[in-house]
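Residue numbers (this note's numbering), protein chains in the order written: chain A, -15 to 490; chain B, 233 to 767. Glycine included, each C-beta is placed from N, C-alpha and C at the ideal position. Scroll down for the structure; my scribbles are underneath it.
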Amino acid sequence: MVSVFDVVFPIASLVAFALLTIPVFKLFRKTTHKTAMALVWFALVFAVAFAGVANLAIQYYQVPIEQSFVNITLGSTSDAPSAVSGTFMIDAISVYMTIIMVAVSAAIILYSVLYVNPAERPSERYFAIMLILVAALIGAVCAGDLLTLFIFWEAAAAGSSFLMLYRKSRQSINATLKYIVMIVIASAFIVFGLSLVYGITGTLNFWAVKEALMALGDKSLLVLAFIFIAAGYAIEAAIVPFHFWLPDAYNAAPASSSAFLSALVDQGSYYVLIRVLIFILTPTAVLDWRLMLAFMAAFTMIVGNMFALIQNNIKLLIGNICVADVGYNLVAMTSIVPGVVGVATLGLQGNLYFFLIGGITTALAFMVVGIMNHYGFKTMKDFAGIGRRMPLSSFALLIAALSFAGVPPLGGFMAKYLVFTSAIEANYAWLAVIGVLMSVVQTAYLFRLVNVMYAKKPADDRKIKEPIKLLIPVFILVGAIIILGLFPNIVLDPIQRVVEQFPFLP
Amino acid sequence: MAFSLLLVFLLPILSLPFVYFAGKKSSKAAGTLVGLVALANIGLVLSAVPEVINNTVYTESYTWISVLNSHFSLFLDGISASIAIITLVLIVAAAFFSIRYMDGKKNLPVYYCLLSLLSVGLVGVFITSNFLLFYFCWELMLVPAYFIIGGWGYRDSYKAAFKLFIFTHAGAVFVLLGIGAIYITTGQSDMFAAQTALLNPAYSEIAKWILLALTAGFAVKMAVVPVHMWLPDAHSEAPATMSALLSGVIISAGAYAILRLSLVTVLPAVTLNDLAFATSFLHGLAIFGVISAFFGAFIALVETDIKRIIAYSSIAHMGYVMFGLSLFPSAIALALAQSSASAGGLATAQAALTLTAIVAASVAVLGTVLHILTHAVSKGLLFLSAGSVMHQTEERDIRKMGGLASKMPFTGVSSVIAALSIAGSPPFACFWSELFIFVGAFEIIKHDGFYTLPTVFMLIATVLSLAYSLRFVNKVFLGKSKPESAEESEPEPKKKIWDVPHSMKLAMAILVVFIVVLGTYPAFFINLIKAVALI
């Protein structure tokens, strides 16, 4: 059975390690092998974190499948969810999200250590914040009431600004300011919405809220609360038309931060969106807003891809792909109808698979572009003929581009297949058609990039010595994309438990 | 053999590192290795053929994505076995041809690896019955093709490759929608299981959309007018080996997919509920076929670029195949099925069974599949010959050629054989297939008067194909040899033109043998194709 310890341990250990990172790095700075020492340190951190997460998973999988979630209350021992209390809730989705958060962040922190030199002065804070963000995200995906979720999630969202701000260029300060303003507005909206929900239901615990809302007669207040909460999370998940902060912020941040944000914080925001809006507050049984969701998905896909089409700066282009990815995720969300027996559940499978694949593909793209930026290649023009000058990095970017375009056997294909199929399942065939058309647009601009990389003559034909060490985490992700594309059952089988539990949801 | 089809998949993939490192030493070794792997694959496919002829189908299935009800299921029936064999023959020819043809080009190890990878997709498309696996192979045909055309092609090759990629990928996403919809409606990811599952009156409406999406997607690959725009560029800018594979197999894969997925898997469901729609759908295919045949033939008649002539002739021939597909005898099958259904009430199973019997007996389907085979070898040979001509003369404008037959006798003879086959003259391969298509057409006309006019037009198109084939042979190989660049004032040392090296001759000889054998003794493939598995 899952105990408080099992849930708190990964979070607390990551926070403790984060705090320790600052003095430890100062110690390392006196030695000669700073990078090696930093790597050993993070190996230790992630060994402990993995152990914690593995323990959580093992404990959770001993729970019978009929019990769709485990409620863990801090403080009081009684099982009854108290009105306002710090509670955690573990279900198969949280376990899955926790695992991918830790696994993906390990690869990205490996890259960051090699990318951001640990000898650099405030770098210890940078890594400490990364660890704290992972802890906050794990807290958010394990949260069991709306307040706990809010606290952990806002910690992650607001904490992200420090990652963007690192190296304090003029551009990054501007972008971070924009981001912080958006996040503050969003959290104000959410708090207001949550207070309304608390007023309506008298509780903040997930399932208690849901139960109360299912029995609700007059829904006018709920609609108001929904509008505020949905707007708040839409800003944080960068749904069109609230997406403008995202490409700028990811462009201005160092590549390791962009990779981290796109692979973890972005995916966390989709999780929050699904959990709060689709599972708890406004499932279709309470408020049917799937049509609105479908429109938002369509607009987000169109705007993201169209803006990417006209980008000349490669990092901005990938930032816009992140926006398009939000759209694809929303497409899958339209078909999630929790708690209904007999409805196929491809949408949730698609979402959960997309969390992983979309995350690592954007992370991979940002990592490679980060390497290329390092040598001064930033725009389409600079990328001309780079395929011959930096063959390994270009190959990795090619794999990312093919995965984005949805070319099998890469992971992106299976993700898109699940997403578009789930739209048909939700009876939104038009959304699937828009999706595949946008996918063609996406292929067009990605292959324009591939064309530039391989077909154009470079201005300078000399080969560049590629940083082999930095390419190790890059090729770990390349391998992951290929293997998960060929054998998607590695991910889909664990997700299957989520689907099997659907009928048992309250 | 137990794992023979799985080995067909794995052999080229496992050979990749060997091909790469052999290519680092000498391109001859790499080319030979790719050829030998393809030969081994022919052996593996042939080992399953006896079982195909006895039981009509040979299957292998392995666990894959159980969550999506998808198994790694491979099958072989008469149609897929025969196309897979011809595909592998073309790959062997292309590999041997490459050895000298690609001499002196850069990055050859990568080229041979891509060729090997391409062969997985090319053969895989024909031997998988799982939709997802089919789509994997479908796109695996595309990505290596993009890089081969782009990296080793002529002139503005990346632009042509880009066009190829965007067009066919756009088609492919509609295929993806179609197979996704099949999975959603029936829960099946296997084409044989889906066929039976779709035969449910409740699915009639969505089956129409699936049919249209799949067919539209495949038609792009087939390069039927009006979605042919990618083909002339891609075929003419690609290296000759890739042109041969593109024209011989890749576009035919579109035809095969329409036959296997649109017509056999989905059309019965549509026919069962809405005969009028199904009939007009088939009529539409016939019209597109006729338009393509004429369009391709007319442009081939006036084009002056040696490879573009052949490229447009491919569009024309895909018109034939499309016309052949439109003769799919679903209407008759349905009439029989309905009468038996009203009599016994065993609608679905019986309809499917009747369909199998009728399709197996249908001369039109036989002709269509045979035409895919004969066109593949003929067009492959024609592209290899054109590649030889370009390789030796470094010229691609047929107005500047002439009299090459005396200088390149082997290439000349093989080109004439290929061109005559394309024109449909006996005793070469395409004669039989065109004959069967027309016999099939006359058979259908008895039931459906609509086909009279298209059949007449197709017969006229045959004359046109003879015209452009003879024009091609005349201009390039016969007549007087043109003086090298008459306009140029300064007399440069005249380049001596001689026939191609032996390895390239060997590659062409393989295809010549197949054209002649298919033309004089088509019985082996006809018997094989008749062992057709439809449920």
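Query                                                                                                                                                                            : Result
Output needed in chain order: residues of the region 384 to 417 of chain A with a Cβ under 9 Å from some Cβ in chain B.                                                          : Leu386, Ala389, Gly390, Val391, Pro392, Pro393, Phe397, Met398, Lys400, Tyr401, Leu402, Phe404, Thr405, Ser406, Ala407, Ile408, Glu409, Ala413, Ala416, Val417
I'd like to know whether the C-beta atoms of Ala445/B and Leu409/B end up nearer to each other than 9 Å.                                                                         : yes
Just the Cα atoms here: how many angstroms apart are Pro464/B and Arg540/B?                                                                                                      : 6 Å
Tell me, please, whether the CB atom of Ala405/B is closer than 9 Å to any CB atom in chain A?                                                                                   : First, the residue type needs correcting, since residue 405/B is Val and not Ala in the sequence shown. Answer yes: the Cβ-Cβ gap between Val405/B and chain A drops below 9 Å somewhere.
Check Trp296/B in the structure and name its three-state DSSP category.                                                                                                          : strand
According to a CB-to-CB cut-off of less than 7 Å, which residues of the region 630 to 647 of chain B neighbour chain A?                                                          : none
So, at 8 Å on beta carbons, what are the nonlocal neighbours of Leu248/B in its own chain, with the 5 sequence-adjacent residues on each side left out?                          : Cys345, Ser348, Leu349
Under 8 Å between beta-carbons, which chain B residues line up against Asp477/A? List them in chain order, please.                                                               : Ser298, Val299
Any idea if Trp229/A is buried or exposed, counting beta-carbon neighbours within 10 angstroms, 16 or more meaning buried?                                                       : buried
For His227/A, does the three-state DSSP call read helix, strand or coil?                                                                                                         : coil
Can you tell me whether DSSP reads Ser721/B as helix, strand or coil?                                                                                                            : Model confidence at Ser721/B stands at a pLDDT of 44, short of 50, so the residue's coordinates are unreliable; what they give is reported in the following sentence. Three-state result, Ser721/B: coil.
For a test of the three-state rule: what should DSSP assign to Ala2/A, helix, strand or coil?                                                                                    : helix
Quick check on the burial criterion: 16 or more other C-beta atoms within 10 angstroms. Buried or exposed for Ile42/A?                                                           : exposed
Between Phe241/B and chain A, is any beta-carbon pair separated by less than 9 Å?                                                                                                : no
Using DSSP bridges, identify the partner residues of Phe304/B.                                                                                                                   : Tyr294/B
Per DSSP, which one or two residues make a beta bridge with Asp129/A?                                                                                                            : Asn189/A
Within 10 angstroms of its Cβ, does Lys256/B collect 16 or more other Cβ (buried), or is it exposed?                                                                             : exposed
Would you check if the distance between the CB atom of Ala650/B and the CB atom of Ser697/B is smaller than 9 Å?                                                                 : no
Taking CB distances under 9 Å as the criterion, tell me whether Ser389/B reaches chain A.                                                                                        : yes
Given that a residue counts as buried once 16 or more other Cβ atoms are within 10 Å of its Cβ, and exposed if not, what is Leu495/B?                                            : buried
Leaving out the 5 sequence neighbours to the left and right, which residues in its chain are closer than 8 Å to Ala428/A when beta-carbon positions are compared?                : Leu293
Is Pro658/B buried or exposed, if buried means 16 or more other CB atoms sit within 10 Å of its CB?                                                                              : exposed
Tell me the DSSP bridge mates of Thr71/A?                                                                                                                                        : Thr57/A
Going straight from the alpha carbon of Leu278/B to that of Tyr290/B, what length do you get?                                                                                    : 12 Å
Does the CB of Gly255/B have a neighbour CB from chain A at under 9 Å?                                                                                                           : no
Please classify Lys447/A as buried or exposed, where buried requires at least 16 other C-beta atoms within 10 Å of its C-beta.                                                   : exposed
Which bits of chain A does Glu371/B rub up against, with CB to CB less than 7 Å?                                                                                                 : Val391, Pro392
Which one of Leu98/A, Asp250/A, Leu314/A has the shortest CA to CA distance from His17/A?                                                                                        : Leu98/A
What is the DSSP secondary structure of Asp537/B, counted as helix, strand or coil?                                                                                              : strand
Give me, in chain order, the residues of the same chain whose beta-carbon lies closer than 7 Å to that of Ile677/B; leave out the 5 immediate sequence neighbours on both sides. : Tyr683, Thr684, Thr687
State the Cα-Cα distance for the pair Val37/A and Ser484/B, rounded to the nearest angstrom.                                                                                     : 51 Å
Given 8 Å as the limit, is there contact between the region 463 to 479 of chain B and the region 605 to 623 of chain B, that is, 3 or more CB pairs closer than that?            : yes
Does any CB atom of chain A fall closer than 9 Å to the CB of His401/B?                                                                                                          : yes
Ala428/A versus chain B: which residues are under 8 Å apart at the beta carbon?                                                                                                  : Ile398
Looking at Ile331/B and Thr428/B, is the spacing between their C-beta atoms short of 9 Å?                                                                                        : no
With distances taken Cα to Cα, identify the nearest neighbour of Gly521/B among Phe668/B, Ala510/B, Ala548/B, Leu237/B.                                                          : Ala548/B
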